[in-house]
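Accompanying notes for the structure given below.
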Amino acid sequence: MIPPPGGLAMDAGLPSTPAALAAYIDQTNLDLGCTRSEIRAFVQTAVDQRFKAVCILPNMVPTARTVVRGSAVKVATVVSFPLGADTPTVKAAEARTVADMGADEVDMVIDIGRARAGEYTAIREEVAGVRGALPVGVVLKVIIEMPLLDAEESVDAALAAERGGADLIQTSTGFKGLSLRPTVASDIELLRSMLKPETGVKASGGIRTTEDALGVIAAGADRIGSSRGLAILDGLRTPDSGQRPGSAGPLGTYGPVISPADAAGDPVSCLASGLGWGRTPRT
Amino acid sequence: MRDLRSAELALSLEASIATPAPTREELEEFFKSLAGWDYAAVMVEPAYVTSSRPILSAMGQRLATVIGHPLGALTTQAKVIQAEQALEDGADELNVALDVSAFRSGDYQRVIDDLTAVRRLADAGAIKVIYYAAALTDQESLRAAELIGEAGITFLITSSGFQGPTEGHQVEVIRARYGSALRLMAWGEIDSRPEAMAMLAAGADRVATSSTRALLGTAP
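Okay, structure coming up:
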């Protein structure tokens, strides 16, 4: 049972202000079919809120790059997302193309089928291939899709990715066709207990509230990926701590303010019909 | 439309596995489950083309794979690299996702150039384009079909399979405008025989499904 954010935030080491929490978050929009202007607005909001990074689809890297200019916000994108079922050669080539366009960080998906089959050497090699294709300094996060793996497979896949050169191990794609459950604190504790201290852990997939975020940070997460970054920050907002974009003035109350994610800025979907994530996995 | 015999229906199906992120073993079991009929094609993800090719060749089945799937958001350069590798690995058909962000941004030339770069790699007949009907209005779907045609491609796919159910109306809109000048595959939650028959009745040439057994019954 996770205590309310007010209580959790008192714990040593946990972020207690929106700005401190924003430094953990990759504000993410991997929706199907967003226009360039929708992505520009999304990235600008992330810059205003000083998130750690924006995570957007590969064809939006140049657009994001121009908006973050002059800020500390990093541009992250995805490789072999969300299915991970590309050859190692193609993954490395994809990584090189996004780095060439100016991505600071790359979130790649492993070949999940091979992890399920216990082929961890192949996982290490595909990660090493991507690592080798990236310029020094580009951060490599490796998504192992824990919702499709058991604990032992998760650990073995994470260790293989670490040996292949991952900077951070990431829990999930959050893609509904694959991710049958959200990331939970125990996923983070498991990874944290097995990985080297210098290897980071990124929690992603179903992290939607301040409580979710502080819970995974307490469990050891270094980074959070979420499309609900603004809603996550809301729980720590006070009249002095800075405003949600679009809000009219200082919030009237201290303490957690939980607002609907779509009230002011988190992209629920770029497509009016709410498409983008569907029910049934294919191929 | 009269009900087809299973053998005839199978010839209109593009079959894929239902299990997400299958192991090679699960994929081979799936191929075994297909025995007994000839299909339009069997669809596998790019990483599995090499290992699937000899098995599907022995079964006499065509092999289709996906490019830029399911979000259509790769750079053109990455799509080309992915397509080149898939063809080299033995794919007969490429299901290529349209850059729907460029399309919705009104950058039509970019949509055409992106598809043309992939189409140049193979016979036009080997390329099908996913145009995300469920994300577009009828008017936009027709515009997308026009751009796909400008790229020299005449085989459309309604969806990546991840955007909810495909509807007969989506097929009819394209069919009404283009008649037999375009071919069309319906993809998206077609899991029963009546659903597949409805798509064919609406004018689809092909139906993608990961429920082949439910559609066809037990093999002869």
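Chains as they are written, first to last, in this note's numbering: chain A, 1 to 283; chain B, 284 to 503.
Ideal Cβ positions, reconstructed from N, Cα and C, are used throughout, including at glycine.
Minimum Cβ-Cβ distance from T87/A to chain B less than 8 Å: yes
Residue-chain proximity (P329/B, chain A), Cβ-Cβ < 8 Å: yes
Chain-order list of residues whose beta-carbon lies under 6 Å from that of A261/A (same chain, five-residue window excluded): The predicted position of A261/A is uncertain, since its pLDDT is 38 and thus under 50; no value can be drawn from it.
Own chain residues within Cβ distance below 6 Å of G451/B, not counting five before or after: A481 and A485
Chain B contact for N59/A (CB, 8 Å cutoff): yes
Within chain B, partners of A93/A - CB distance below 9 Å: Q360, A361, I364, Q365 and Q368
Among S226/A, S37/A and A99/A, nearest to I130/A - alpha-carbon criterion: Before going on, a small fix: residue 130/A reads as Val here, not Ile. Looking at the Cα atoms, A99/A is the closest of the given residues.
Neighbour list for D111/A in chain B, Cβ cutoff strictly below 7 Å: A330
Residues that L357/B contacts on chain A, provided the C-beta gap is smaller than 9 Å: L57, P58, N59, E94 and T97
Distance, G215/A Cα to V412/B Cα: 43 Å
Which listed residue (E429/B, A502/B and H352/B) has its alpha carbon closest to that of F438/B: E429/B
Validate contact between the region 485-501 of chain B and the region 316-323 of chain B using beta carbons, cut 8 Å, 3 pairs: yes
Paired residues, beta bridge with N378/B - DSSP: V349/B and K411/B
Inter-residue CB distance, E433/B and I395/B (contact presumed, cutoff 8 Å): 5 Å
C-alpha gap between A409/B and D375/B, whole angstroms: 6 Å
Anticipated Cβ contact below 8 Å, K362/B with G351/B, distance rounded: 5 Å
Contact between the region 62-80 of chain A and the region 41-54 of chain A (3+ Cβ pairs under 8 Å): yes
Residue from E211/A, K176/A and L168/A with nearest C-alpha to A185/A: E211/A
Proximal residues, the region 294-307 of chain B versus chain A, C-beta separation under 9 Å: S299, I300, A301, T302, P303, A304, P305, T306 and R307
Which residues DSSP lists as bridging S295/B, in chain order: Looking at the DSSP assignment, S295/B forms no beta bridge with any residue, so it has no partner.
Chain-ordered residues of the region 152-177 of chain A with a beta carbon less than 9 Å from chain B: F175, K176 and G177
Test item: CB-CB of A76/A and A53/A under 8 Å: yes
Beta carbon proximity, R387/B to chain A, threshold 8 Å: yes
Burial state of Q27/A, where buried means 16 or more other Cβ atoms lie within 10 Å: buried
Contact list for A428/B against chain A, beta-carbon separation under 7 Å: Those do not exist, as A428/B stays about 17 Å from chain A at its closest Cβ, beyond 7 Å.
Any chain B beta carbon closer than 8 Å to V127/A: no
Residue(s) in a DSSP beta bridge with E105/A: A76/A and V139/A
Neighbour flag for L134/A against chain B, beta carbons, 8 Å: no
Residues in the region 307-322 of chain B having any Cβ partner in chain A nearer than 9 Å: R307, E308, E309 and L310
V184/A - containing alpha helix (DSSP H), residue span: Segment: none, V184/A is in no alpha helix (DSSP H) and carries neither H nor E.
Closer than 9 Å at the beta carbon, the chain B residues around R116/A: A304, P305, T306 and E309
8 Å Cβ cutoff met for P329/B and V106/A: no
Contacts around I25/A, its chain only, beta-carbon distance under 7 Å, and the 5 residues preceding and following it disregarded: F51, K52, I224, S226, G229 and I232
C-beta neighbour in chain A for V383/B, strict 8 Å: yes
Residue-chain proximity (L83/A, chain B), Cβ-Cβ < 8 Å: yes
Own chain partners of L370/B with C-beta closer than 7 Å, once the 5 adjacent residues on each side are dropped: L404 and A405
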